[in-house]
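**Student:**
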């Protein structure tokens, strides 16, 4: 018999272009609404990319924005879980360095400094994840593994990114990854899997989850949102800026997650896709998903959140894991916002236009990082009986 | 059981250029921390059974990128206030540097490695989290070998000294190449000791550990990590056995 401990999610916090709470994120997605918009301060700078997923809850002029947006979601997740930071590990990605103009001149602060500040009230383990766009998913996966193997009893996992600065907009435009302005409706800048996709919209954001043992959650009478049952990592080993054409790296991390969960792909009810809306990224992802699901590929609902909230880099994976956990809890798969006409080669069972209630209980959530790091986690609904047991012990 | 089987440190790119032109061709477009980390990793991985299946754990630099990146940050931020950003084109490599996983990605590509990977960010003391991750992966039987690599500079300034370090671990007992003796990693223990004199640097702490191992006469050894190499929030003691 396995001595691995079961790991559940008992608190979540989300800050995104759709709002300052996880409820606003979920409701916005269900309403098929995009939070991506024109950002006035970018228009004034003369830059060629002026749309993004801006978090309005924290002022863009606040030079401590990276720390501020992270802390808000951490506080929300801890409060929902009724946990104290001092009893948790901290597995977090603070995304990228800050290059910003502040009231007293240039602010150039490393992401590491932000992490050190955020981590100071946690007891450990304290790990700063740097796997580009796969960071948030890997943070959740690593926290899962630490708890599962007894290296921690509870962790806050997630990530935060401040991306809507000229440095990153110009940089990612140079990599031909972001959707440059072309007169379109800004809300439609990011169109995952769509025929007219042209890249992602960069976004600010943060997401946090509290993970702990199922036994611990039961003892505390905590509300359980979902169980984490599998985690897989892989590398493309292919190119610094482009995924493998055949989706091999992406496929590998999914298969490793299935193996870890002791699950066959037939047992997956829905997929929360990376869905960046880049031409090659979406194509490789669709190929990988078709390979993984074999003949079931046209019956497994696939949904991606970046059309609605943009790409929040280090936070993207955890924001999407939060959506996946909501899907586990409700059975509902939200639509991929801005997907209207599926692009050639991107054929999957896309959820388009409106949410689909398929009673999805087991959800695969994937992220693929620039540079080739790939992460997959599998979340599963905790049965009513198990959830009630936890609540009754309160 | 987890054994340290090989390591390498690099602080001089000139020697890489002269003695390993192939490695130099691979790394020349990167910044100093990435170049030094890759040069060290390429040396240490030679002792590997199968470089394509080694678990890769890579530490990003604590110094924010490089002098080049810093300059770019200033140029872009200045352009913001003058409305001239439309004309700027950034070298894509700068963005890749800023993403902080460049050494990991470049190493995986050059060695065809699709195995488990963990990129740890440039916060103080993450080296010991990396070492813990090595032990967790190998102890759990998920991989047979793990490479821990790091590169950093003393400051993000042109000409600031840098250091790259790489350590190869294996579940197979074999002599650690610099000393010819077996080095077994026993544990990494944390204590609640705060330190105020932390000097964030991804590679210096690991280099200090390697020096202590080479100097050790034999038997069990407890390496108390100097406070400046910790995260400032906990003390770290690495227990090893040199056989």
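Residue numbers (the working numbering), protein chains in the order written: chain A, 839 to 1232; chain B, 3 to 245. From the three backbone atoms N, C-alpha and C, an ideal C-beta is built for every residue, glycine too.
(1) Report the residues of the region 1038-1056 of chain A with a CB closer than 8 Å to any CB of chain B, ordered along the chain.
(2) Taking the Cβ atom as the reference point for each residue, do residue 965 (chain A) and residue 149 (chain B) lie within a distance shorter than 8 Å?
(3) So that I know if they touch, is there some Cβ in chain B lying closer than 8 Å to that of residue 839 (chain A)?
(4) So, with DSSP's three-state summary, where would you put residue 839 (chain A)?
(5) Put residue 26 (chain B) into one of helix, strand or coil per three-state DSSP.
(6) So which residues of chain A does residue 202 (chain B) contact, with C-beta pairs closer than 7 Å?
(7) Which runs of the beta strand (DSSP E) fall wholly inside the region 871-939 of chain A and span at least 3 residues, in chain order?
(8) Take the Cβ of residue 1102 (chain A) as the centre, count every other Cβ of all protein chains shown within 10 Å, and call the residue buried at 16 or more, exposed below.
(9) Count the other CB atoms within 10 Å of the CB of residue 203 (chain B); is the residue buried (16 or more) or exposed (fewer)?
(10) According to DSSP, is residue 86 (chain B) helix, strand or coil?
(11) So the beta strand (DSSP E) residue 239 (chain B) belongs to, where does it begin and stop?
(12) Who does residue 863 (chain A) pair with in a DSSP beta bridge?
(13) Assuming contact is defined by CB atoms lying nearer than 8 Å, are residue 1207 (chain A) and residue 1044 (chain A) in contact in what I supplied?
(14) Under the three-state reduction of DSSP, which class applies to residue 92 (chain B): helix, strand or coil?
(15) Assign residue 175 (chain B) to buried or exposed, taking buried as 16 or more other Cβ atoms, counted over all protein chains shown, within 10 Å of its Cβ.
(16) Less than 8 Å separating the beta-carbons of residue 173 (chain B) and residue 7 (chain B)?
(17) Helix, strand or coil for residue 1026 (chain A) per DSSP?
(18) To the nearest angstrom, how far is it from the Cα of residue 1093 (chain A) to the Cα of residue 1125 (chain A)?
(19) Exposed or buried, what is residue 143 (chain B) when buried is set at 16 or more other beta-carbons lying within 10 Å of its beta-carbon?
(20) Does the beta-carbon distance from residue 933 (chain A) to residue 1078 (chain A) come in below 8 Å?
(21) DSSP three-state label for residue 1120 (chain A), please.
(22) Need the endpoints of the alpha helix (DSSP H) that residue 952 (chain A) sits in, please.
(23) Any contact of the region 934-952 of chain A with the region 1011-1018 of chain A, i.e. 3+ C-beta pairs under 8 Å?
(24) Can you tell me which of A:1221, A:1170 and A:1215 puts its alpha carbon nearest to the alpha carbon of residue 1072 (chain A)?
(25) Would residue 1097 (chain A) be called buried (16 or more neighbouring beta carbons within 10 Å of its own) or exposed?
(26) What's the gap between the Cα of residue 981 (chain A) and the Cα of residue 20 (chain B)?
(27) Let me check one thing: in DSSP terms, what residues is residue 1031 (chain A) bridge-paired to?
(28) Could you tell me which whole beta strand (DSSP E) segments of length 3 or greater appear in the region 104-152 of chain B?
(29) Against chain A, does residue 40 (chain B) count as a neighbour if the rule is that its beta carbon must be under 8 Å from one of theirs?
(30) Run through chain B and tell me which residues come within less than 9 Å of residue 1072 (chain A), C-beta to C-beta.
(31) Can you list, in chain order, the stretches of the beta strand (DSSP E) that have 3 or more residues and sit fully within the region 1072-1144 of chain A?
(32) Using a Cβ-Cβ distance under 8 Å, would residue 159 (chain B) count as near chain A?
(33) Only counting the same chain, and skipping five residues up and downstream in sequence, which positions put a Cβ closer than 6 Å to that of residue 1164 (chain A)?
(34) Please list the terminal residues of the continuous alpha helix (DSSP H) segment that includes residue 983 (chain A).
**Tutor:** In brief:
(1) none
(2) no
(3) Because residue 839 (chain A) carries a pLDDT of 48, less than 50, the predicted location of this residue cannot be relied on, and no value is offered for it.
(4) Here the model assigns residue 839 (chain A) a pLDDT of 48, short of 50, so the residue's position is not dependable and the matter cannot be decided.
(5) Three-state DSSP puts residue 26 (chain B) in a helix.
(6) 950
(7) 927-931
(8) exposed
(9) buried
(10) Note: residue 86 (chain B) maps to coil in three-state DSSP.
(11) 237-244
(12) DSSP output for residue 863 (chain A) lists no bridge partner at all.
(13) no
(14) Looking at residue 92 (chain B) - three-state DSSP - the assignment turns out to be coil, as it is neither helix nor strand.
(15) exposed
(16) Here residue 173 (chain B) is not near residue 7 (chain B), since their CB atoms are 8 Å or more apart.
(17) helix
(18) Separation of residue 1093 (chain A) and residue 1125 (chain A) (C-alpha to C-alpha, rounded to the nearest whole angstrom) is 14 Å.
(19) When all chains shown are included, residue 143 (chain B) counts as exposed.
(20) Going by beta carbons, residue 933 (chain A) and residue 1078 (chain A) fall outside the 8 Å limit.
(21) helix
(22) 949-957
(23) Output reads no: the region 1011-1018 of chain A does not touch the region 934-952 of chain A.
(24) A:1215
(25) exposed
(26) 43 Å
(27) According to DSSP, which records beta bridges pairwise, residue 1031 (chain A) is partnered with nothing at all.
(28) 119-122
(29) no
(30) 116, 117, 118 and 119
(31) 1108-1110 and 1139-1141
(32) no
(33) 864
(34) 973-986
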